[in-house]
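Protein chains: 2
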Amino acid sequence: MAEVTLKNLAEMLNLSISTVSRALKNHPDISNETKVKVKELAAVLDYEPNTYAINLRTNHSREFGIIIPSISNDFYQSFISSLEEEVRLYGYSLIILQSGNNQVTELENLKRCKQNRMAGVFVSITSNTSDISNFLKLDEQHIPIIFFDKVPSFEACNKVCVDDNYAATLAAEALISKNKKHILSIFGNPKMSITTKRLKAFEATFKKYNSDANVVIQSTNSTEEAFQMVQYYLNEKERIDAIFCMSDEILIGTMKAIQVLGLKTPNDVGVIAISEGIIPTFYHPQITYIETSGFKLAKMAFSRMLACVAGSTYVQELKIESVLVQGGSL
Amino acid sequence: MAEVTLKNLAEMLNLSISTVSRALKNHPDISNETKVKVKELAAVLDYEPNTYAINLRTNHSREFGIIIPSISNDFYQSFISSLEEEVRLYGYSLIILQSGNNQVTELENLKRCKQNRMAGVFVSITSNTSDISNFLKLDEQHIPIIFFDKVPSFEACNKVCVDDNYAATLAAEALISKNKKHILSIFGNPKMSITTKRLKAFEATFKKYNSDANVVIQSTNSTEEAFQMVQYYLNEKERIDAIFCMSDEILIGTMKAIQVLGLKTPNDVGVIAISEGIIPTFYHPQITYIETSGFKLAKMAFSRMLACVAGSTYVQELKIESVLVQGGSL
DNA sequence: AAATTTAGCGCAAACGATTGCGAAAATGTT
DNA sequence: AACATTTTCGCAATCGTTTGCGCTAAATTT
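Heads up: the sequence lines are chains A and B, in that order. Numbering of the first sequence is given in numbering that gives the first Met the number 0, commencing with residue 0 and proceeding in unit increments. Numbering of the second sequence is given in numbering that gives the first Met the number 0, commencing with residue 0 and proceeding in unit increments.
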């Protein structure tokens, strides 16, 4: 069965291609009579305009790209899931490109976005991407870029990210209000900006409230390290009464240790985390956490993207304020 | 800065468009001299062929679609992650379409794939999709479809899925070899084919080995239900000595209950699950599980897809045999 | 030197949809 | 009835790339 094209329809109806095209688009030049005839046949034959032809003509497609280090991460997962919904509702498609936290692959992906003349690109950069000139080149092709989550420090670009200061502050305040005195605070890789930001705000909050709490700051690179560390600290004489986990990764290791030692939250030890929100529900009582969900972030990133596609050249840095989700672990 | 096109290059070099095109493609009709000139200019100006024009001409794009109920699922996540890698290596792109387990959305997504004349579509159907005629229509447009994971029962289509019989059998054998006698076996929604398949094979295995174990079969629809159920059974007089969890969802609820009761695996109670593999590492000791990873499945699905794209009309149902991953929970 | 081959390149159509412009037909106006 | 206007539609170009065919001039053969 041959494809149904305007040409096809035109021949069948003894009309010109242009008339058929206009009829389908309700162009005022076309009589009602012909419109009806054309539309009927189009419906019967299930005519669908050829996307490729339209893309060629308009020189842009209704596709967005998203470049991320890896899908296998709760945060990106919720971000993508949420973004895909929005994108679909607006008649766009979403193309996923993983960089595997590799700069070369990241660049290749970027090139793909350029080649495919995508309507726009969402990017969360790899942890060692510093030169973003290649990203900015897309602007020449009028392909807007929205950076999210892991954003470059360069100023003149659109960014949407979690307010790390605020999230860490909320966590610190929660610990202070619960009157915790011996707090183990576990952070991630100190090279990452996310870590330094959170750490800074965390410590500043304790100072601000003139807290007399003994706050032990530690950093880890993996769930396993957190697991070992928590076991070590919970076996110390002067018992830790609360643990702060900067990420889901750390939270998982922390909870493993707590369980191995046969302890329970919140009585034996309090736990609070900054989390995407899924992992905290895996425990009972559910973990109290500061939410840094990808859902909201995706909505914001998308609305910013729409503005850019519509022609906004205005550059913005948006931050999402997290909220404290009360579980029973603190 | 204007786009660099063949026309542009041709004018600059005082050549015809066709010559430029052929020069770039190393056509034998073109002299070496011109080839060099053309290629040099193309390189300098960073010429990139217009994908839209090529798509229009060839009437197909290098894009695959993937339609799934939801991304927020470890299995799909690993599947997509793995698939995206393959797809990218072969110069294709992957477009994600979530159906939200909704048949209407699923159909819309399918239509999008047809409209965009994708090179092929990977589909995991919603739990209540029974009529797959719409999927088969894509064949008319020469768009191959590979069903994966949740596949229709209809025979004449390409399917790639986990061998549920084998996975459940492995789990049962593990329980038998550990000499467990009071086994709580928790399955998912009995309406889903995945549940009935696993249940059937599970029971059959106990029979086959003439096991005298007391196997309690239960079904749940959520993590919360599993949580309640396990608490109930573990409080009974005749103590359960092992729990089988058909899915990650159930495993999470089960472990919550075990922790609330202050029990430990494997001594107080053994646990074994069929799982994607991430969740089992969240506990200590790690949960012993039968792997149903999306990674391998994605590789298989992709190679099958390549064959179809290459013209294979041959229809196949492929199954992946799971393996037992030894943790310390049984 | 004439005839034939071959190397090197350009013309033009095609993919399918859109749109400015012009033309014919229908209607209205004097 | 002659002219002006409006309705209704078709021609042809365009987006960028590819490709069959034909053309010219040089190289080869006779």
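The C-beta atom is built at its ideal place from N, Cα and C for all residues, glycine as well. Note that the structure is a prediction, hence the values are computed from the model and not measured.
Quick check: the segment 193-201 of chain A against the segment 221-230 of chain A, are there 3 or more CB pairs under 8 angstroms? no
Rounded to the nearest angstrom, what separates L135 of chain A and I144 of chain A at their Cα positions? 8 angstroms
Could you check what DSSP says for L93 of chain B in three-state terms: helix, strand or coil? It is a strand residue.
Which of helix, strand or coil DSSP assigns to G269 of chain B: DSSP places G269 of chain B in strand when its eight states are reduced to three.
Is any beta-carbon of chain A found at less than 8 angstroms from that of L97 of chain B? The sequence given here places Gln at residue 97 of chain B; Leu does not occur at that position. Yes, because at least one Cβ of chain A sits closer than 8 angstroms to the Cβ of Q97 of chain B.
Beta-carbon of E224 of chain A versus every beta-carbon of chain B: anything under 8 angstroms? When Cβ-Cβ separations below 8 angstroms define contact, E224 of chain A makes no contact with chain B.
Contact check, N100 of chain A vs P151 of chain A, beta carbons under 8 angstroms: The answer is no: Cβ separation not under 8 angstroms.
I70 of chain A lies in the alpha helix (DSSP H); which residues open and close that run? If you look at I70 of chain A, you'll find it isn't in any alpha helix (DSSP H); DSSP assigns it neither H nor E.
On the three-state DSSP scale, how would you describe E105 of chain A? Three-state result, E105 of chain A: helix.
Hey, does F63 of chain B have any beta-carbon neighbour from chain A nearer than 8 angstroms? By this cut-off, F63 of chain B is not an interface position.
Cα separation between F74 of chain A and A41 of chain A? Distance between the alpha carbons of F74 of chain A and A41 of chain A: 44 angstroms.
A9 of chain A beta carbon less than 8 angstroms from that of R61 of chain A: no
Taking Cβ positions only, does I94 of chain B come closer than 8 angstroms to chain A? Yes, because at least one Cβ of chain A sits closer than 8 angstroms to the Cβ of I94 of chain B.
So the alpha helix (DSSP H) G252 of chain A belongs to, where does it begin and stop? 247-259
With a Cβ-Cβ cutoff of 8 angstroms, do F301 of chain A and L82 of chain A count as a contact? yes
Looking at chain A, is there any beta carbon in it that lies within less than 8 angstroms of the beta carbon of I124 of chain B? no
Which residues in chain A sit within 8 angstroms of S246 of chain B, going by Cβ to Cβ distance? Residues of chain A passing the Cβ test: none, with the nearest at roughly 14 angstroms.
Pull out every residue of the segment 103-115 of chain A whose Cβ sits closer than 9 angstroms to any Cβ of chain B, in chain order. T104, E107, N108, K110, R111, K113, Q114, N115
Please list the terminal residues of the continuous alpha helix (DSSP H) segment that includes T219 of chain A. That residue, T219 of chain A, is in no alpha helix (DSSP H); it is neither H nor E in DSSP.
With 16 other CB atoms within 10 Å as the buried threshold, where does D211 of chain A fall? exposed
So, with DSSP's three-state summary, where would you put S184 of chain B? strand
Threshold first: 3 residues or longer. Then list the beta strand (DSSP E) segments lying entirely within the segment 129-210 of chain B, N to C. 144-147, 157-161, 181-186
With DSSP as the reference, label I286 of chain A as helix, strand or coil. coil
Short of 9 angstroms Cβ to Cβ, which residues in the segment 34-53 of chain B face chain A? E47, P48, N49, T50, Y51, A52, I53
For the beta strand (DSSP E) holding I319 of chain B, just list the boundary residues, first then last. Element bounds for I319 of chain B: 316-319.
Who are the neighbours of I70 of chain B on chain A, taking C-beta pairs under 9 angstroms? Per Cβ cutoff of 9 angstroms: I70, Q76, S77, I79, S80, E83.
Mind reading off the beta-carbon distance from L93 of chain A to I124 of chain A? Whole number of angstroms is fine, and I expect it under 8 angstroms. The Cβ separation is near 18 angstroms, so there is no contact.
From the DSSP output, in three-state form, read off V37 of chain A for me. Helix, per DSSP.
Could you give the first and the last residue of the continuous beta strand (DSSP E) run that contains I242 of chain B? 241-244
Cβ contact (3+ pairs, closer than 8 angstroms) linking the segment 235-253 of chain A and the segment 157-177 of chain A: yes
Under 7 angstroms between beta-carbons, which chain B residues line up against I251 of chain A? List them in chain order, please. F281
For a contact meaning CB atoms closer than 8 angstroms, what does V268 of chain B contact in chain A? Residues of chain A passing the Cβ test: none, with the nearest at roughly 14 angstroms.
Of the residues A:Y231, A:T222, A:N178, the one placed nearest Y208 of chain A, counting alpha carbons only: A:N178
Between which two residues does the alpha helix (DSSP H) carrying G293 of chain B extend? Per DSSP, G293 of chain B belongs to the alpha helix (DSSP H) from 293-308.
Between L12 of chain B and chain A, is the shortest Cβ-Cβ distance under 8 angstroms, so that the two count as touching? Contacts with chain A at 8 angstroms (Cβ-Cβ) do not include L12 of chain B.
Whose C-alpha, out of A:T287, A:S71, A:M304, is nearest the C-alpha of S332 of chain A? What the structure shows of chain A is the stretch from 0 to 329, and residue 332 of chain A is not part of that stretch, so it cannot be assessed.
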